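K.L.:
Residue numbers (the numbering used here), protein chains in the order written: chain C, 243 to 516; chain Y, 243 to 516; chain F, 243 to 516; chain W, 243 to 516.
No residue lacks a Cβ here, since even glycine has one placed at the ideal position from N, Cα and C.
None of the values given here were measured: they were computed from a predicted structure.
Quick one: the structure is below, questions incoming.
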């Protein structure tokens, strides 16, 4: 089952800790088999699920319950499809039910999305604030998906949200970190983990977000819709880890001029010359 | 000893193949101990050495011969410090001697640097062409360090160079991939491996260079001078691998608009709803 | 007095039209003389004034009333210093008074800024929404300063704001168009003029914002604090005009490959060869 | 005729000075009429012509001689189409003849292009060096088109070239200033005017190149192939001037944090409050 003891440099959200800092999704895959393999290759321990689909009872096969191993993965139900605060609150409750049915009785998490339109899929700040307030009162652990707006983020963490999840660029657009400066500023001030969610297209972008100090990433489309999702899942996992390491390892400063790798008085000469 | 059988997706240069696509250096480290650990953490199998230092007999301790395990690493002698084609050719010969002494009798490789000034440390195209021509005639395997100039690169590979090594930005500057467009164009046409050399500061930049299709990278300053070189070495190794995987895995296209991760008719709904 | 007839390609805000699409400010100048000259050199017709200063009755000299010619310039009172919706509403009323005293009896405009902190000077979305609602009811023409958040902008224009003024980057930071993608999306949908406000440092950034389709710009620090504010004022004016022209003139597409300026069957040959 | 007395902040190349810092071309226009009007709208005083076309005697109408007013414009014959140094030298002589015929007896200028392939249209550094050496000996004023390579540029100005003309990106590609860092470095060291040639697509890019300290620009495709070439010509002219002004006016530094336009102790307050 998911570890509750903290591994070294663990990602800590609410009262849980995770080894991997890459969250993944379950939408847009060619098949369950590919999804399972890509999630595994990514090393992801937190997987988000759009619970509205469940509730709508779309007739079907399989079911996610059997398809992913919830003994090993932590479910992050999301409110995708909610156009208003009310809908989002309702979907969050469905999510809690689903988690319970699938064996995660203590899972009260919800990735809160309030998205009034389908063209840009951008979150509504007011609706998100309202739904977050309600859900926190109802005992949920709320991870809100937001535009990279500092004061909106501040209100949400002051309210008790477990993370803030600013977008790099619109969902599925693959436009990368268009809001990097605004995200950096949220990272600089946030007392809760900042998870960059949406827009990442390549491992280099994932890596850069982590270098900037993001606590974690959520990546779905870029893995699921890659030509080879399993290889891309693994690439994203490695890049997330590389970016985290680099954030801690302290990169060199940028210089205007060049600087010789092997200066006259350098190490190699003195060493090898003997 | 270095593998001569090709591992899967091996980097092939001249008649050798390597598992790792990250080349590292030996300059600018705090100590030999840190250097050894950082090189090991990076997974690098090709390590470049500035042979002029050796020849100059700078009085000293240790010596690189004892400090790195040349049974496991392949030495890439470089001509750093050469201001002209003549000097570069001379240093290349020193390098061959050094490799022989250190147990690599069949190592005729040289990373060719012809750099007339010390402010920008930029390579001279004419001197590089001349030295490459001479060295190839003398049986060297030549890996020239160049500005990202398509026709210069073309002349070098037509002449028989084993790779071309365009710079991302000036040595040690940490300015990243300033020449990305020019490098991309060389990658698109080159029949030999393109190794991005110099300028990379962060793993995200390393990753991006590999995503663009670089065959390999050479990174020294960004590892050696990081606050924690060992962690940064590991980060660069992971990022190089992530970028290579992503190059092969086929990233999603960039879209103007958003695209829902969990469309109405999507997979999750049909599955879980049952 | 300010023209009420529309010049060609006029900027139309509420019931007024302007020839220039560059708004300027009055803060941070070395002297009134330089301010007057820089504003004149920029060609700006709309000048914003921080009215709180007036109300605070800071003892002093001159007074803006005598310093700028309000027969030729349109005053845009702003609520700088307001930390809440209430303060902003109060300052807006001061602004209306000030405009009246200075001879613009029909000026009910207000640049609405609700900024709760002084480190980043970022606008608060909730406070801005509340103040805008109140001020519109009270007959003001409201131009709100906002983070580049699509749904926030949408709510403001649906509410009746005369423009939306998304920031390029924080006030006075000179970081340029960090939010370009989010601004582009607001421009694509907005029924009211989109004025890019804050962050612009150079004429090339001003020009780019206009090329993207911004209706106008507001630039203060980059002019007032330049080494030579008058020359920079003129540069910003020219760049704003250049960007507007280019937006209408339809730039060429970006191509992967080159394209000869003088193809074999081209114009010059056929013409000159005769 | 072209002014020989220096206007204020004139562009000085060889022994001539010019008011405008924007050079334009004559290829790719819809018609002579549009070309004439776009060149005029741009304010350009130096216009380049591909002389090979002339020599090839492509049957035709008009002829450039009647189409542009060489009493007012200075002709810059170029060697477009030359694949080798020899061809370039030959075309340069044709150019000199053409200039003479069209009334510019003292015009020995040549924009030197040696471009061996048609896919990328990138200049060959070796061929360019050879042709420049020959042409300088033959009394030409040589303006070589080059990749942004510092040592190549240095060799050319040491040889006596009147300018160096590094490319922003491949001809006609509209990719903008892809080589900005390399160009900046050439500008920092060059004793002759640096003219950015090729790749510019938008006025904001033109403006940025001038802000960086380019002495002048050459823009053809971006004007000729714009939807409205005349308006784009004017936009490019304004942007060039704006960028030049800004280069001299000293832009504000970039700051990490915000900086209030109207600080508490600021100018406006003390003034108006009286």
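1) For my contact list, residue 409 of chain Y and residue 367 of chain Y are in at a C-beta cut-off of 8 Å; report their separation, rounded to the angstrom.
2) Using a Cβ-Cβ cutoff of less than 7 Å, which residues in the same chain neighbour residue 401 of chain W once the five nearest sequence positions on both sides are dropped?
3) Please classify residue 313 of chain C: is it buried, with 16 or more other beta-carbons within 10 angstroms of its beta-carbon, or exposed?
4) Taking 9 Å as the CB-CB limit, is residue 385 of chain Y close to chain C?
5) Buried or exposed: where does residue 337 of chain W fall if 16 or more other Cβ atoms within 10 Å of its Cβ makes it buried?
6) Residues of the segment 424–452 of chain Y with a CB closer than 8 Å to any CB of chain W: list them in chain order, please.
7) Could you check the C-alpha separation between residue 260 of chain W and residue 253 of chain W for me, to the nearest Å?
8) Spell out whether any CB of chain C is found under 9 Å from the CB atom of residue 319 of chain F.
9) Between the segment 338–356 of chain F and chain W, which residues of the former have CB atoms less than 8 Å from a CB of the latter, in chain order?
10) Quick one: grab the DSSP three-state call for residue 382 of chain C.
11) Which residues share a DSSP beta bridge with residue 292 of chain W?
12) May I ask you to list the residues that DSSP assigns as paired with residue 533 of chain Y?
13) Let me see if you follow: with CB-CB separation under 9 Å, is residue 494 of chain W close to chain F or not?
14) Within 9 Å (strictly less), CB to CB, does residue 390 of chain W reach chain F?
15) Buried or exposed: residue 342 of chain F, going by 16 or more other Cβ atoms within 10 Å of its Cβ?
16) Helix, strand or coil for residue 254 of chain Y? Go by DSSP, reduced to three states.
17) If you measure between the beta carbons of residue 414 of chain Y and residue 456 of chain Y, is that distance less than 9 Å?
18) Just confirm the distance between the C-beta atoms of residue 268 of chain F and residue 291 of chain F, as a whole number of angstroms; I'd bet it's less than 8 Å.
19) Going by alpha carbons, who is nearest to residue 329 of chain C out of C:283, C:294, C:427?
20) Which runs of the alpha helix (DSSP H) fall wholly inside the segment 366–451 of chain C and span at least 4 residues, in chain order?
21) Residue 333 of chain Y CB to nearest chain W CB: under 9 Å?
22) Should residue 325 of chain Y be flagged as near chain C, meaning a C-beta pair shorter than 9 Å?
23) Terminal residues of the continuous beta strand (DSSP E) containing residue 354 of chain F?
24) Counting only beta-carbon atoms, is residue 408 of chain C nearer than 9 Å to chain F?
25) Which residues, in chain order, does the segment 366–382 of chain F contribute to contact with chain C at a C-beta distance below 9 Å?
26) Are the C-beta of residue 415 of chain W and some C-beta of chain F separated by less than 9 Å?
27) Can you check whether the C-beta of residue 513 of chain C is within less than 9 Å of a C-beta belonging to chain F?
28) Apart from the five residues on each side of it in sequence, which residues of its chain come closer than 8 Å, Cβ to Cβ, to residue 289 of chain F?
29) Tell me, please, which residues DSSP counts as bridged to residue 259 of chain F.
30) Alpha carbon to alpha carbon, how far is residue 416 of chain W from residue 256 of chain W?
31) Thinking C-alpha only, which one of C:442, C:426, C:443 is nearest residue 436 of chain C?
32) Quick one: complete alpha helix (DSSP H) runs, 4+ long, within the segment 323–352 of chain Y?
33) Under 9 Å between the Cβ atoms of residue 464 of chain C and residue 493 of chain Y?
34) Examine chain Y for any beta-carbon lying closer than 9 Å to the beta-carbon of residue 259 of chain C, and answer yes or no.
35) Give me, in chain order, the residues of the same chain whose beta-carbon lies closer than 7 Å to that of residue 515 of chain W; leave out the 5 immediate sequence neighbours on both sides.
36) For residue 276 of chain W, which residues of its own chain have a beta-carbon under 6 Å away from its beta-carbon, when the five flanking residues on both sides are left out?
P.N.:
Looking at the coordinates:
1) Contact doesn't hold; Cβ gap of about 12 Å is too wide.
2) Only residues of its own chain outside the window of five on either side were considered, and among them 374, 375, 378 have a CB closer than 7 Å to the CB of residue 401 of chain W, listed in chain order.
3) So residue 313 of chain C counts as exposed.
4) no
5) buried
6) 424, 427
7) 5 Å
8) no
9) Those residues of the segment 338–356 of chain F that come within reach of chain W (Cβ to Cβ, closer than 8 Å) are 340.
10) coil
11) W:320
12) Residue 533 of chain Y lies beyond the stretch modelled for chain Y, which goes from 243 to 516, so this question has no answer here.
13) yes
14) no
15) exposed
16) Residue state, collapsed to three classes: strand.
17) no
18) 5 Å
19) C:294
20) Runs of the alpha helix (DSSP H) lying entirely within the segment 366–451 of chain C, each at least 4 residues long, are 367–379, 392–401, 422–431 in chain order.
21) no
22) no
23) Unbroken beta strand (DSSP E) run through residue 354 of chain F: 351–354.
24) no
25) 366, 367, 368, 369, 371
26) yes
27) Low per-residue confidence applies at residue 513 of chain C: pLDDT is 27, beneath 50, and the placement is therefore not dependable, though the value from the model is reported in the following sentence. Closer than 9 Å: no.
28) 265, 266, 267, 268, 281, 310, 315, 316, 317, 318
29) F:254
30) Taking the straight line from one Cα to the other gives about 29 Å.
31) Of the candidates C:442, C:426, C:443, the one whose C-alpha sits nearest the C-alpha of residue 436 of chain C is C:426.
32) Counting only runs of 4 or more, we get 327–343.
33) yes
34) no
35) Confidence at residue 515 of chain W is low in this model, with a pLDDT of 25, below 50, so the placement of that residue is unreliable and no value is reported for it.
36) 471
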